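Following: one structure in structure tokens, then a few remarks.
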Amino acid sequence: MGVVDFTNPEAAHWYQSFLKMLLDMGVDCFKTDFGERIPVRDIVYFDGSDPVKMHNYYTYLYNKTVFDLLEREKGSGEACLFARSATVGGQQFPVHWGGDCSASYPSMAETLRGGLSLACGGFGFWSHDISGFEQTASADIYKRWCQFGVFSSHSRLHGSVSYRVPWLFDEEACDVLRELVNLKCRLMPYIYSQAVETHISGIPMMRPMFMEFPEDRMCDVLDKEYMLGDSILVAPVFKESGECEYYLPKGRWYNLITKKTYEGGSWIKEKFDYRSFPLLARENTILVYGAREDVPDYDYAENAEVCMVYLQDGHTERQRIYSVKGEKLVEIEAVRRKDTIHVVVKGDCGILRFTVISEETLKLDVVKE
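Under the working numbering, think of the first position of the sequence shown as 911, with each following residue one higher.
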């Protein structure tokens, strides 16, 4: 085994020089694989560090070395890793993924628990190998894991012994993945705004339920569902039968796929086909859909649809639309007063279309400043 001594500035620079050659060829980012299998015996570090203490800290130096090069060459705000290992301080070098999981429902559930644990440590972004890394999943597990994976902050099809492209599983897998990706692309104005807010605040995108609902004690123990940002709940399906039992905190909830509405404060048990699963917007949400479903990066403010989800009387809600550079383009403020939703739009945007999800008949009063 050869281990680069990243405590030695010259060694770090030597390592970066090889990566820079790849960047000059057009590479955008790097997967910093491994980093955790660092020996602790018969090791002498350049700066005299204790090898036992360095076992965890090594991955920090490893990712920092690569991230610093990317930031220097690509510019501030453009550096991105796909990192396997992490330690304290590694939160500043996104993105991390969950390592080598197996192609099974128990492993899928364990993967989610691991990701939520990582979020509790302040890691803002997280990913995993869709359908598992070890072995090859059945078409059933593949399609269910696609639902979970596409609606994680970052999505990747990857495995060890076979390609994870959908057409190698069955025809329906192609349709399922296409529809999920199309929906995620349309939701990118919301998803990207949450990513920007994560960058600013440090609050992770994928949140354990207790993080978003601290007063609801039921949420303290939930480990098979999560919030993607502050407004969308995701509950993956972990059974071949398609049955899913999930908890909704108090309030009205709207399934973005099935268009069904639920009253929260209770457990819900349903059966889903492969084209649907629990993906729900909470009440008092301003959800912005973009105009494109074929690419993830585009002008999110151009011809967007602004959806008001069960805005409650007297409630004021705000939503921002950012550019792909992380700059605020538009701010939308909506307040409901009795049967009218008053909306103020600030910023430079194209035509915005407004829709209202409610069982009441509500009027819209939109002012652009």
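Heads up, the beta-carbon is just placed ideally off N, CA and C, and yes, glycines get one too. Just so you know, these numbers come straight off a predicted model, no measurement behind them.
Residue burial classification, residue i (beta-carbon count within 10 angstroms, cutoff 16)
| i | result |
| --- | --- |
| I1101 | buried |
| K1053 | buried |
| H1006 | buried |
| N1127 | Looking at the sequence itself, residue 1127 is Arg, so the reference to Asn does not match. Answer is exposed; the Cβ neighbour count stays below 16. |
| T1021 | buried |
| S927 | exposed |
| S1111 | exposed |
| M931 | exposed |
| Y1210 | buried |
| F1035 | buried |
| V1219 | buried |
| V962 | exposed |
| V1205 | exposed |
Whether residue i touches residue j by CB criterion (8 Å)
| i | j | result |
| --- | --- | --- |
| I1040 | R1066 | yes |
| L1087 | C1056 | yes |
| G987 | G1236 | yes |
| V1240 | R1230 | yes |
| S1062 | S1103 | no |
| Y925 | T975 | yes |
| F940 | L971 | no |
| E1203 | C1095 | yes |
| S1017 | G985 | no |
| L1158 | Y1172 | yes |
| S1141 | L1197 | yes |
| P1114 | F1058 | no |
| D915 | F956 | yes |
| T891 | A1013 | Because the chain spans 911 through 1279 in this model, residue 891 falls outside it and cannot be assessed. |
Reference residue i; option with closest CA among the options
| i | options | result |
| --- | --- | --- |
| L980 | G936, P949, L1197 and W1007 | G936 |
| L1028 | P1118, F956 and S1012 | P1118 |
| S1268 | I1178, N1165 and D915 | N1165 |
| V1276 | V1106, D978, V1253 and A922 | V1253 |
| F1120 | S959, C939, V1131 and G1139 | V1131 |
| S959 | N918, D978, A993 and Y1157 | N918 |
| I948 | G912, T1226, S1014 and C1011 | G912 |
| C1030 | G1059, M964, C1011 and M1116 | M1116 |
| Y904 | S1012, M1098 and L1090 | Nothing in the structure corresponds to residue 904, since the chain is present only between 911 and 1279. |
| E1125 | E1107, V1205, E1081 and G1175 | G1175 |
| E1093 | R1247, I1251, E920 and Y1199 | The question names Glu, but residue 1093 is Leu in the sequence shown. For the residues R1247, I1251, E920 and Y1199, the minimum Cα distance to L1093 belongs to Y1199. |
| D1258 | I1251, I1242, V1091 and E1270 | I1242 |
| I1251 | L1262, W1177 and G1224 | G1224 |
| A1201 | P961, E946 and R1263 | R1263 |
| D1010 | K963, E946 and L1138 | E946 |
| V1091 | E1107, I1167 and G999 | I1167 |
| R982 | Y967, D952 and D934 | D934 |
| C1129 | A922, V1106, K1181 and W1177 | W1177 |
| T1108 | P1004, D952, P1206 and Y967 | P1004 |
| K1217 | A1105, T1195, Q1002 and D952 | First, the residue type needs correcting, since residue 1217 is Cys and not Lys in the sequence shown. Minimum Cα distance to C1217 is reached at T1195. |
| E1082 | A989, V1106 and I1051 | I1051 |
| V1106 | K1238, K1170 and D1183 | K1238 |
| A989 | A921, D938 and Y967 | D938 |
Whole-number beta carbon distance between residue j and residue i, since they are thought to touch under 8 Å
| i | j | result |
| --- | --- | --- |
| S995 | F944 | 7 Å |
| K1278 | V1255 | 5 Å |
| R1185 | G1161 | Actually they do not touch by this definition, with Cβ atoms about 26 Å apart. |
| L1143 | P1188 | 7 Å |
| L1272 | D1249 | 6 Å |
| T1265 | E1215 | 6 Å |
| V954 | H965 | In fact, because the Cβ distance is near 14 Å, the residues do not count as touching under 8 Å. |
| F1148 | Y1015 | 5 Å |
| G1008 | T969 | The pair is not a contact, with the Cβ atoms about 15 Å apart (cut-off 8 Å). |
| K1179 | A1019 | No, K1179 and A1019 are not in contact; Cβ-Cβ is about 17 Å, not under 8 Å. |
| L1190 | W1163 | 4 Å |
Practice task
Evaluate contact between the stretch 1068 to 1085 and the stretch 1040 to 1055, counting only Cβ atoms and requiring at least three cross-stretch pairs below 8 Å.
Solution key: yes
Exercise for the section: For the stretch 1146 to 1154 and the stretch 1074 to 1084, state whether three or more C-beta atom pairs, one from each stretch, are separated by less than 8 Å. Expected result: no
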